[in-house]
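Residue numbers (our numbering): 3 to 74. From the three backbone atoms N, C-alpha and C, an ideal C-beta is built for every residue, glycine too. These figures come from a predicted structure and were not determined experimentally. Working notes for the structure below.
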(Lines of atoms letter the chains of each structure in order from A; the text may use other names.)
(Lines give C-alpha, C1' and ligand atoms only; values in the text may rest on other atoms or scores of the structure.)
Protein backbone atom coordinates (compact mmCIF):
# COMPACT_ATOMS: atom_id res chain seq x y z
CA UNK A 3 0.00 0.00 0.00
CA UNK A 4 1.34 3.41 -0.98
CA UNK A 5 1.16 6.24 1.56
CA UNK A 6 1.13 9.84 0.30
CA UNK A 7 1.65 12.61 2.83
CA UNK A 8 -0.88 15.44 2.77
CA UNK A 9 0.12 18.87 1.58
CA UNK A 10 0.62 21.69 4.03
CA UNK A 11 -1.61 24.73 3.66
CA UNK A 12 0.01 27.34 1.43
CA UNK A 13 -0.38 30.03 4.08
CA UNK A 14 2.35 28.48 6.27
CA UNK A 15 5.71 29.97 5.37
CA UNK A 16 9.11 30.08 7.00
CA UNK A 17 9.94 33.74 6.41
CA UNK A 18 13.56 33.45 7.54
CA UNK A 19 14.12 30.55 5.13
CA UNK A 20 12.55 32.55 2.29
CA UNK A 21 14.91 35.48 2.96
CA UNK A 22 17.89 33.10 3.10
CA UNK A 23 16.84 31.54 -0.22
CA UNK A 24 16.54 35.00 -1.77
CA UNK A 25 20.00 36.04 -0.52
CA UNK A 26 21.54 32.77 -1.73
CA UNK A 27 20.04 33.39 -5.16
CA UNK A 28 21.51 36.90 -5.22
CA UNK A 29 24.95 35.49 -4.39
CA UNK A 30 24.64 32.84 -7.10
CA UNK A 31 23.71 35.46 -9.70
CA UNK A 32 26.63 37.68 -8.65
CA UNK A 33 29.05 34.74 -8.73
CA UNK A 34 27.88 33.70 -12.20
CA UNK A 35 28.34 37.25 -13.50
CA UNK A 36 31.76 37.75 -11.88
CA UNK A 37 34.89 37.62 -14.01
CA UNK A 38 37.06 36.42 -11.11
CA UNK A 39 37.05 32.92 -9.61
CA UNK A 40 35.64 34.04 -6.24
CA UNK A 41 33.65 36.96 -4.94
CA UNK A 42 35.64 39.23 -2.65
CA UNK A 43 34.33 39.78 0.88
CA UNK A 44 33.53 43.39 -0.11
CA UNK A 45 31.51 42.21 -3.14
CA UNK A 46 29.63 39.68 -0.98
CA UNK A 47 28.76 42.45 1.49
CA UNK A 48 27.60 44.61 -1.41
CA UNK A 49 25.39 41.85 -2.85
CA UNK A 50 23.90 41.05 0.56
CA UNK A 51 23.52 44.76 1.33
CA UNK A 52 25.40 44.55 4.64
CA UNK A 53 27.90 46.87 6.25
CA UNK A 54 31.19 44.95 6.21
CA UNK A 55 32.39 46.40 9.51
CA UNK A 56 29.60 45.22 11.81
CA UNK A 57 27.60 42.94 9.51
CA UNK A 58 24.41 44.97 10.00
CA UNK A 59 21.73 44.26 7.41
CA UNK A 60 20.31 47.03 5.28
CA UNK A 61 17.28 44.83 4.52
CA UNK A 62 15.42 43.80 7.68
CA UNK A 63 14.33 40.20 8.01
CA UNK A 64 10.53 40.17 8.37
CA UNK A 65 9.31 38.86 11.71
CA UNK A 66 7.47 35.55 11.50
CA UNK A 67 3.75 35.68 12.15
CA UNK A 68 1.83 33.05 14.10
CA UNK A 69 1.86 29.65 12.41
CA UNK A 70 -0.51 29.65 9.49
CA UNK A 71 -0.85 33.42 9.16
CA UNK A 72 1.18 35.95 7.21
CA UNK A 73 3.13 38.59 9.18
CA UNK A 74 1.65 41.98 9.52
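So what's residue i in DSSP terms, helix, strand or just coil?
i	result
residue 52	strand
residue 22	helix
residue 40	coil
residue 47	helix
residue 27	helix
Would you please state the rounded distance, in angstroms, between the beta carbons of residue i and residue j? I believe it to be under 8 Å.
i	j	result
residue 45	residue 32	7 Å
residue 75	residue 29	The question about residue 75 has no answer here: the residues shown for the chain are numbered 3 through 74.
Nearest to residue i by alpha carbon, out of the options?
i	options	result
residue 51	37, 35, 25 and 38	25
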